[in-house]
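Read the structure below first, then the notes.
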Amino acid sequence: MTARPAYKSHPLWQSAMALTRGAYALADRVKERSPDAARGLRKAAVAVPAHLAAAVSDRREDRGEHALAARSALAEVIRQASRVQGEDSRDLARQAETLDLSVLFELGRADVFR
73 MTARPAYKSH PLWQSAMALT RGAYALADRV KERSPDAARG LRKAAVAVPA
123 HLAAAVSDRR EDRGEHALAA RSALAEVIRQ ASRVQGEDSR DLARQAETLD
173 LSVLFELGRA DVFR
């Protein structure tokens with residue numbers, strides 16, 4: 073049995089996975105009436121934990137690029153969620169905004185690491 077990767081214990085990655093689960097649940101609820109938004113939401117959501125895993129695992133000089141990519145994916149989650157009406161989409165957008173602030177606080181701006 074192999075050891076669990078360290079990034080899976082990181083709070084940012086765990087929050088990103090919670091966001092992704094929420095995005096998939098919302099996408100499933102709206103896929104009939106808004107298939108493009110559902111597809112875009114899923115695509116953006118899966119990118120967030122992938123980039124954060126890289127950001128918290130890579131060398132310090134590479135973190136900025138991954139943090140910026142994660143923040144871009146979070147912005148896309150917010151954009152796609154705003155295409156869907158309802159409180160659950162607003163909740164998802166707020167969750168993405170909160171995670172974006174956490175990424176910015178913890179990993180900093182991309183240009184700081186260059």
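Counting the sequence shown from 1 gives a position; the numbering used here is that position plus 72.
From the three backbone atoms N, C-alpha and C, an ideal C-beta is built for every residue, glycine too.
Bear in mind that the values here come from a model prediction, so they are computed numbers and not experimental data.
Q: Pick out whichever of LEU146, ARG151, GLU159, ARG162 has its Cα sitting closest to the Cα of LEU171.
A: Numbered from its first residue, the sequence shown carries residue 171 at position 99. For the residues LEU146, ARG151, GLU159, ARG162, the minimum Cα distance to LEU171 belongs to LEU146.
Q: Write down the C-beta distance between ALA127 and ARG135 rounded to the nearest angstrom, noting that I regard them as a contact closer than 8 angstroms.
A: Within the sequence shown, the letter at position 55 stands for residue 127. Within the sequence shown, the letter at position 63 stands for residue 135. Sure, about 5 angstroms apart at Cβ, within 8 angstroms.
Q | Burial state of ALA97, where buried means 16 or more other Cβ atoms lie within 10 Å | A | Indexing the sequence shown from 1 puts residue 97 at position 25. ALA97 is exposed by the Cβ-count criterion.
Q: Would you kindly work out how many angstroms separate the C-alpha atoms of ALA99 and VAL149, rounded to a whole number?
A: Translated into the one-based positions of the sequence shown, residue 99 becomes position 27. Translated into the one-based positions of the sequence shown, residue 149 becomes position 77. Going from the Cα of ALA99 to the Cα of VAL149 covers about 11 angstroms.
Q. Buried or exposed: ALA90, going by 16 or more other Cβ atoms within 10 Å of its Cβ?
A. Here residue 90 refers to the residue found at position 18 when the sequence shown is read from its first residue. So ALA90 ends up on the exposed side.
Q) For ALA182, which residues from the same chain have a beta carbon less than 7 angstroms from its beta carbon, with the 5 sequence-adjacent residues on both sides left out? A) Numbered from its first residue, the sequence shown carries residue 182 at position 110. Here ALA182 scores only 47 on pLDDT, less than 50, and its place in the model is too uncertain to base an answer on.
Q: Could you please give the first and the last residue of the uninterrupted alpha helix (DSSP H) stretch that includes HIS138?
A: As a first step, residue 138 is located in the sequence shown; it is residue number 66 there, counting from the start. Looking at the DSSP string, the run of the alpha helix (DSSP H) that includes HIS138 is 132-154.
**Q.** Helix, strand or coil at LYS103 according to DSSP, with G and I counted as helix
**A.** On the sequence shown, residue 103 is found 31 positions in, with the first residue counted as 1. Coil.
Q.
Since ALA109 and ARG155 should fall inside the 8 angstroms C-beta cutoff, what is the C-beta to C-beta distance between them, to a whole number of angstroms?
A. As a working note, residue 109 is residue 37 in the sequence shown. As a working note, residue 155 is residue 83 in the sequence shown. So it is a contact: roughly 4 angstroms between Cβ atoms.
**Q.** Given SER161 as reference, the closest of THR92, ALA78, VAL175, LYS80 once Cα atoms are compared
**A.** Here the question's residue 161 lines up with position 89 in the sequence shown. When only C-alpha atoms are compared, the closest one is THR92.
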